[in-house]
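Structure, as structure tokens:
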Amino acid sequence: MGEPLKIAVLASGEGTNLQAIIDAIEEGRLKAEIRAVISNNSGSGALRRARKEGLFGLHLSHKQFIAPEEFDQELLKVLGEREVELVCLAGYMKLLSPRVIGAYRNRILNIHPALLPAFGGKGMFGQRVHQAVIEYGVKLTGVTVHIVDEKYDHGPIVLQRAIPVLENDDAESLSQRVLEVEHKLYPEAIGLFAEGRVKVEGRRVRIGGSFPNRG
Ligand code: GAR
């Protein structure tokens, strides 16, 4: 059936999506291996979780370098050394450079806590997304897993799930329900890549039985 897909998880915050990926692997629902957890935040829950699980964890921030290119070089070096095949952004609050995106074209995923292309773009992250959803008054929000390209929250969409906004929701209650869905959807999306079932055709992502693009 082939080797587990070698992934890196890049996370800035609490790392509950990282945890969901770890759990899915441990429970045999996802055939992947986390080769690196990389965070721009040394005190992140994500790095704490990585250490607890005995995973390779690394604090890597632009602040450690004089020029942005040096950060890119170091990130690409680590991803290469760790033989990473798929990069998963899980609450990673930094935009990756075109150089990094080009090096891993169609092999970087992001999870966004809304139904893109609504409520995405620069400055739309975490609780701000849910606050904007509530203020706008939409009745449906959701989760999007997409491939990362050079623009914020823009690349081809792999999976989406809709979630109703309830009458009494505030940003906090909504974020909790959205997170629960994120924790299911991200391992599912990564699993599609692990099984070689993803084919990108322009903006459209086809999910097939099996494509001969892996293994
Ligand atoms: C998640 O809700 C994720 O979708 C969001 O940050 C949260 C991270 O939570 N990402 C974005 O808003 C990206 N634009 P976690 O650290 O507990 O996984």
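Last residue of the sequence shown: number 308 in the numbering used here, and the count goes up by one each step with no gaps.
Glycine residues also receive a C-beta, built at the ideal position from the N, C-alpha and C atoms.
Given the structure is predicted, the values throughout are model-derived calculations rather than measurements.
Using the rule of at least 16 other Cβ atoms within 10 Å of the residue's Cβ for burial, across every protein chain shown, is residue i buried or exposed?
i, result
"Gly308", "Any reading at Gly308 must be qualified, since the residue scores a pLDDT of 49, below 50, and its modelled position is unreliable; no value is offered."
"Ile114", "buried"
"Phe304", "exposed"
"Tyr53", "There is no way to answer for residue 53, as the model of the chain reaches only from 94 to 308."
"Glu288", "buried"
"Gly248", "buried"
"Glu163", "exposed"
"Leu179", "buried"
"Arg144", "exposed"
"Arg221", "exposed"
So what does residue i bridge to, in DSSP terms?
i, result
"Asn203", "Leu182 and His239"
"Ala101", "Ala129 and Val180"
"Leu233", "Pro257"
"Arg299", "Lys292"
Quick check on DSSP: helix, strand or coil for residue i?
i, result
"Leu267", "helix"
"Gly150", "strand"
"Ile313", "Only positions 94 to 308 of the chain appear in this structure, which leaves residue 313 out of reach."
"Arg252", "For the record, residue 252 in the displayed sequence is Leu; it is not Arg. Strand, per DSSP."
"Glu294", "strand"
"Glu107", "coil"
"Lys145", "helix"
"Glu174", "helix"
"Arg198", "coil"
"Tyr245", "coil"
"Pro191", "helix"
"Leu208", "coil"
"Lys124", "coil"
"Phe304", "coil"
"Asp262", "coil"
"Phe311", "Here the chain comprises residues numbered 94 to 308, so residue 311 is not present and cannot be evaluated."
Name the residue from the options whose alpha carbon lies nearest to the alpha carbon of residue i.
i, options, result
"Gly295", "His152, Pro206, His239 and Arg175", "His239"
"Gly284", "Leu111, Asp116 and Arg122", "Arg122"
"Glu119", "Ser137, Ser105, Pro97 and Ala196", "Pro97"
"Gly147", "Leu267, Gln112 and Val180", "Gln112"
"Pro257", "Glu178, Pro206, Arg198 and Asp165", "Pro206"
"Leu140", "Leu233, Pro210, Ser268 and Gly106", "Gly106"
"Glu126", "Gln224, Gly95, Tyr197 and Ser132", "Gly95"
"Val171", "Lys187, Glu273, Thr234 and Leu103", "Leu103"
"Val130", "Ile100, Leu169 and His276", "Ile100"
"Gly219", "Ser268, Lys292 and Lys124", "Ser268"
"Arg297", "Asp246, Gly173, Thr237 and Val251", "Val251"
"Ala183", "Val291, Val241, Val293 and Ala225", "Val241"
"Thr109", "Leu278, Val291, Lys292 and Phe286", "Leu278"
"Arg175", "Val231, Leu208, Glu273 and Gly150", "Gly150"
"Glu275", "Gln166, Leu153 and Gly235", "Gly235"
"Asp165", "Val231, Ala143 and Asn133", "Asn133"
"Ala255", "Lys244, Val231 and Ser266", "Val231"
"Arg142", "Arg198, Asp116 and Gly302", "Asp116"
"Gly138", "Gly216, Val271 and Tyr185", "Tyr185"
Just checking my contact of residue i with residue j at CB under 8 Å: how many whole Å lie between their CB atoms?
i, j, result
"Ile204", "Leu189", "Rounded, the Cβ-Cβ distance is 15 Å, inconsistent with contact."
"Lys264", "Ile227", "Rather than Lys, the amino acid found at residue 264 in this sequence is Ala. About 6 Å; that satisfies the 8 Å criterion."
"Val193", "Arg128", "About 16 Å; that fails the 8 Å criterion."
"Asp246", "Leu208", "Their Cβ separation, rounded to whole angstroms, is 11 Å, which puts Asp246 and Leu208 out of contact at 8 Å."
"Pro161", "His152", "Actually they are not in contact, since the Cβ atoms of Pro161 and His152 sit about 17 Å apart, beyond 8 Å."
"Pro191", "Glu243", "5 Å"
"Thr237", "Gln253", "5 Å"
"Asn199", "Val293", "5 Å"
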